[in-house]
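Residue 265 in our numbering is what sits at position 265 of the sequence shown, and the numbering runs on without skipping anything. Idealized CB from N, CA, C, for every residue including glycine. Keep in mind that this is a model prediction, so the values were computed, not measured. A quick write-up on the structure given underneath.
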Amino acid sequence: MRMPTWSKFVMSSMAFGLTLQFPYSYACIMNVTSPGMNTAPAHLGHRPSLDRLREFLEVTRAGSISEAARRLGLPRATLSRRIASLEADLGVRLLLRRTTRLALTRPGEELLKRAQRVVVDGDAAWEAVRRLDDIPRGLLRVSVTGPHFLRLFTSFLRDFPEVILEVQSTTRHVDLLAEGVDVAVRIGPIKDQDLIARQVYSDRLIVVASPEYLGRAGRPVRAMDLTRHDCIVGFSGEWAPSARWPRWNGGTVPVAGRFSANEIEHIRQAAIEGIGCALIASAVVAEDIGKGRLVPILEDAVGAELPVSLVYADREFIDPKVREFVDRAARVIAREMPRPLGRGGRRASHDSG
1 MRMPTWSKFV MSSMAFGLTL QFPYSYACIM NVTSPGMNTA PAHLGHRPSL DRLREFLEVT
61 RAGSISEAAR RLGLPRATLS RRIASLEADL GVRLLLRRTT RLALTRPGEE LLKRAQRVVV
121 DGDAAWEAVR RLDDIPRGLL RVSVTGPHFL RLFTSFLRDF PEVILEVQST TRHVDLLAEG
181 VDVAVRIGPI KDQDLIARQV YSDRLIVVAS PEYLGRAGRP VRAMDLTRHD CIVGFSGEWA
241 PSARWPRWNG GTVPVAGRFS ANEIEHIRQA AIEGIGCALI ASAVVAEDIG KGRLVPILED
301 AVGAELPVSL VYADREFIDP KVREFVDRAA RVIAREMPRP LGRGGRRASH DSG
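In structure tokens:
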């Protein structure tokens with residue numbers, strides 16, 4: 001008889017007098033097997049444990065068994081043997097050993113997609129029991145943008161000695177579930193409905209250029225002057241490499257240039273190097289403006305409010321270390337982030353366009 005797509009894994013805790021249920025899709029995982037293979041193992045021992053699935057996910061994130069073993073604190077040979085055992089239990093090859101980086105087979109891609117939610121649900125169930133003492137502990141992965149958080153990290157580690165903190169500094173939008181990130185600083189609107197977002201700061205988009213570029217090309221004095229300037233255009237996978245920049249009066253101005261990028265740091269550095277004008281968060285370039293590497297322009301004409309939020313996965317049980325970190329980070333960011341540049345808090349809309 002075929003197993004239901006989502007079976008229920010029931011964990012009973014007699015010590016605490018409670019029963020926790022969470023969806024544990026072993027049936028879904030076993031569907032990665034090849035046609036003709038037995039998709040229902042003879043006993044539960046052949047089904048991958050949460051630890052094996054977690055190790056498989058770490059290998060896919062790291063791109064190599066050696067790097068994954070380092071992150072997990074395991075000998076490389078041990079992790080390699082466990083991955084081979086997982087493949088043997090499932091009866092399929094999950095990874096292709098390439099020269100520089102591992103690649104997923106089609107069954108590997110299917111297992112990756114399904115295992116992510118299984119591990120999240122399993123961790124949530126265990127955490128529900130551990131939360132009874134409510135002490136932050138274990139690995140906390142955080143993704144941030146900018147250099148403003150070091151004191152937050154050090155004070156958090158001092159106050160919670162059982163927490164291990166792993167920080168990823170990047171300007172891209174990380175996929176929290178796929179990359180195993182617990183908390184991220186997100187700049188701009190939050191589109192992912194599976195995340196809890198807590199707005200902690202309001203920045204502004206401003207236009208900047210280097211003194212060298214302005215000396216060569218002249219300083220724009222009206223929003224529409226940007227149509228005659230080289231502009232550094234930011235884009236993501238959802239945007240084409242062209243843009244209309246927002247104006248404070250509610251309209252937009254079309255811009256174009258010879259350089260486009262989807263990383264904020266590339267845009268910032270290109271502006272410093274004199275490639276053109278850039279629209280960028282004021283907090284990202286506050287130090288550059290203070291040191292004269294960049295100059296704000298069209299402060300009352302072009303720009304927009306830019307929310308800064310802390311985001312984390314929407315789960316039934318919030319890990320104590322996530323909850324404590326978000327609460328503390330919200331206070332620190334609100335207190336220590338640079339004051340937004342540009343309009344000085346004014347909302348005038350007297351752009352002469």
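Query                                                                                                                                                 : Result
According to the neighbour-count rule (16 or more other Cβ atoms, all chains shown, within 10 Å of its Cβ), is Arg-186 buried or exposed?             : buried
Could you please give me the residues that DSSP links to Ile-206 through a beta bridge?                                                               : Ile-280
Tell me the DSSP bridge mates of Pro-107?                                                                                                             : DSSP, once it has assigned bridges, lists no residue as partnering Pro-107.
Which residue comes first and which comes last in the alpha helix (DSSP H) that contains Ser-155?                                                     : 150-159
Provide the residue span of the alpha helix (DSSP H) that contains Ile-83, from first to last.                                                        : 76-90
What first and last residue would you give for the alpha helix (DSSP H) that runs through Ala-62?                                                     : 50-62
Considering only residues of the same chain and omitting the five flanking positions on each side of Leu-72, which have a CB-CB separation below 7 Å? : Glu-55, Glu-58 and Leu-79
How long is the line joining the alpha carbons of Ala-329 and Glu-336, rounded to whole angstroms?                                                    : 10 Å
Taking buried to mean at least 16 other C-beta atoms within 10 Å of its own C-beta, is Ala-334 buried or exposed?                                     : exposed
Give the single residue among Glu-87, Ala-271 and Arg-61 whose Cα lies nearest to the Cα of Glu-212.                                                  : Ala-271
Which class does Ala-313 belong to by DSSP, given the choice of helix, strand or coil?                                                                : strand
Pairs of beta-carbons, one from the region 203-221 and one from the region 294-306, closer than 8 Å: are there three or more?                         : yes
Quick one: what's got a C-beta closer than 7 Å to Val-144's C-beta in the same chain, skipping five residues either side?                             : Val-167, Ser-169 and Val-185
Measuring straight from C-alpha to C-alpha, what distance separates Leu-176 and Pro-136?                                                              : 20 Å
Is Thr-227 helix, strand or coil when you go by DSSP?                                                                                                 : helix
Within the continuous alpha helix (DSSP H) that includes Gln-168, where are the two ends?                                                             : From DSSP, Gln-168 is part of no alpha helix (DSSP H) but of the beta strand (DSSP E) over 163-169.
Could you tell me which residues DSSP pairs with Leu-95 in its beta bridges?                                                                          : Leu-104
Buried or exposed, going by whether 16 or more other CB atoms sit within 10 Å of the CB of Leu-86?                                                    : buried
From Arg-216 to Leu-152, what does the alpha carbon distance come to, in whole angstroms?                                                             : 41 Å
How far does the beta strand (DSSP E) with Ile-297 in it extend, from its first residue to its last?                                                  : 295-297
Which word fits Asp-327, buried or exposed, when buried means at least 16 other C-beta atoms lie within 10 angstroms of its C-beta?                   : exposed
In the DSSP output, which residue or residues are listed as bridge partners for Leu-140?                                                              : Leu-165
Does the distance from the CB of Val-295 to the CB of Arg-268 come in under 8 Å?                                                                      : no
Less than 8 Å between the beta carbons of Arg-61 and Gly-234, yes or no?                                                                              : no
Quick one: give me the first and last residue of the beta strand (DSSP E) that Ala-330 is part of.                                                    : Per DSSP, Ala-330 belongs to no beta strand (DSSP E); it is in the alpha helix (DSSP H), 320-336.
Opposite Ser-260 in the DSSP bridges: which residues?                                                                                                 : Val-233
Candidates Tyr-312, Gly-63 and Arg-219: which alpha carbon is nearest Ile-383's?                                                                      : Shown here, the chain extends from 1 to 353; a query on residue 383 therefore has no answer.
Should Arg-82 go down as buried or exposed, given a rule of 16 or more other Cβ atoms within 10 Å for buried?                                         : buried
Hey, could you find the ends of the beta strand (DSSP E) Ile-187 is sitting in?                                                                       : 183-187
Could you say which of Ala-197, Leu-139, Pro-307 and Gly-274 lies nearest to Asp-203 if we only look at CA atoms?                                     : Pro-307
In whole angstroms, what is the alpha-carbon distance linking Thr-366 and Ala-115?                                                                    : Here the chain comprises residues numbered 1 to 353, so residue 366 is not present and cannot be evaluated.
Nearest by alpha-carbon distance to Gly-125: which of Val-322, Val-332, Ile-65 and Phe-317 is it?                                                     : The amino acid occupying residue 125 in the given sequence is Ala; Gly does not appear at that position. Checked all of Val-322, Val-332, Ile-65 and Phe-317; the closest Cα to Ala-125 is Phe-317.
Tell me whether Ile-164 is buried or exposed, calling it buried when 16 or more other Cβ atoms sit within 10 Å of its Cβ.                             : exposed
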